[in-house]
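Residue numbers (mature numbering (1 follows the signal peptide of the UniProt record, and there is no 0)): -19 to -1, 1 to 273.
For every residue, glycine included, the Cβ atom is placed at its ideal position computed from N, Cα and C.
These notes are about the structure you will find just below.
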């Protein structure tokens, strides 16, 4: 009976979408940025009673009473921002686990934001990784999301994986284990974030939209929900820093864009794992997203 069981396990692995290995991007920006201790770079923003620290791992918890979040001590004009994250398995519908740049506290209503969000799910279905860019645009408080959503080529509940945002004056790059999965280029000033932002992490109840457009809600019979963060990497140009500061490079080509090998790895990720692109959504008003 051993062979049928092995075959069954293999088929389950393949059907889950976790049977592929990513191609080498050839350049590993995470290896160029030292790890920063949490207490030197961040402070608890809310839900302090829902944070746990064990050695260098920070666990954020969500139950019916509260979620939790943290914020970097300094604001940045550009840089590389990453963390290794491990997600909870089982029923997590309605739960949003995030790592993102924002200035929403300083500019409520017309803020800038660059998001990596993990959207909870039900057993047997994969997490969605949503990337998003908010830009104040004309400043009329009409905040337009630019969502691209992916499944992953691994199970994010089984181990830590590194997720990062690189933001420089010309481009935003989203990485998963150093594989670029999306770029957002500065095509004009109005649709690219340029004001200083802080790095945040959080876990919260997003039942109204996170899972199947809000059809499936958070179920607190499964509480507490949790997410684990470690291996924080922040490197860039702080608001109070020198005007001659140069942010980390997205590629071996400097700030001139991704290399051909990185572009190939990104094409692989988008071909196999991209499940939503705002530019291809016929329900969207694309006069508001001229980059499409």
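With fewer than 16 neighbouring CB atoms inside 10 Å of its own CB, residue 257 falls in the exposed class.
When C-alpha distances from residue 109 are compared across 68, 40, 5 and 169, the shortest belongs to 68. DSSP, reduced to helix, strand and coil, places residue 172 within a helical segment of the structure shown.
In this structure, residue 6 keeps its C-beta atom at 7 Å or more from the C-beta atom of residue 248.
A check of alpha carbon separations from residue 11 across 250, 270 and 212 identifies 212 as the nearest. Proximity of the stretch 152 to 171 to the stretch 27 to 46 falls short of the contact definition, fewer than three beta-carbon pairs being nearer than 8 Å. Under a 10 Å Cβ-count criterion, residue 59 is classified as buried, with 16 or more other Cβ atoms of the shown protein chains found around its own Cβ. Residues of the same chain with a CB within less than 7 Å of the CB of residue 8, apart from the 5 flanking positions on each side, are 232, 233, 240 and 243 in chain order. Bounds of the alpha helix (DSSP H) holding residue 244 are 241 to 254. A residue is called buried once 16 or more other Cβ atoms fall within 10 Å of its Cβ, and residue 74 is buried on that count.
Here residue 141 is not bridged, per DSSP, to any residue. Two segments are said to touch when three or more pairs of C-beta atoms, one from each, lie closer than 8 Å; by this definition the stretch 131 to 151 touches the stretch 90 to 110. About 15 Å separates the beta carbons of residue 209 and residue 97, which is beyond the 8 Å limit, so they are not a contact pair. Rounded to whole angstroms, the gap between the alpha carbons of residue 24 and residue 101 is 25 Å. Excluding the 5 residues flanking it on each side, residue 149 has same chain C-beta neighbours closer than 6 Å at 59, 228 and 236, in chain order. Scanning the stretch 157 to 219 for uninterrupted alpha helix (DSSP H) segments of 4 residues or longer gives nothing; none is fully contained.
Looking at the DSSP output, residue 258 bridges to 129. Taking all protein chains in view, the Cβ of residue 2 is surrounded by fewer than 16 other Cβ atoms within 10 Å, so the residue is classified as exposed.
With a beta-carbon spacing of about 6 Å, residue 82 and residue 146 fall inside the 8 Å limit used to define contacts.
In the DSSP assignment, residue 55 falls outside any alpha helix (DSSP H) and carries neither an H nor an E. Counting other Cβ atoms within 10 Å of its Cβ, residue 140 stays below 16 and is therefore classed as exposed. Following the DSSP letters along the chain, one finds residue 237 in no alpha helix (DSSP H), marked with neither H nor E.
Taken through DSSP and simplified to helix, strand or coil, residue 96 comes out as strand.
In the DSSP assignment, residue 21 falls within the unbroken alpha helix (DSSP H) covering 19 to 22. Put simply, of 15, 173, 61 and 19 the residue whose alpha carbon is nearest the alpha carbon of residue 50 is 19.
Checking the DSSP bridge columns, you'll see residue 40 partnered with 33 and 209. Between residue 189 and residue 195, the gap from beta carbon to beta carbon is short of 7 Å.
The shortest C-alpha to C-alpha distance from residue 222 to any of 184, 32 and 57 is the one to 57. Between residue 151 and residue 127, the CB-CB gap reaches or exceeds 7 Å. Under the DSSP definition of a beta bridge, residue 110 partners with 99 and 131.
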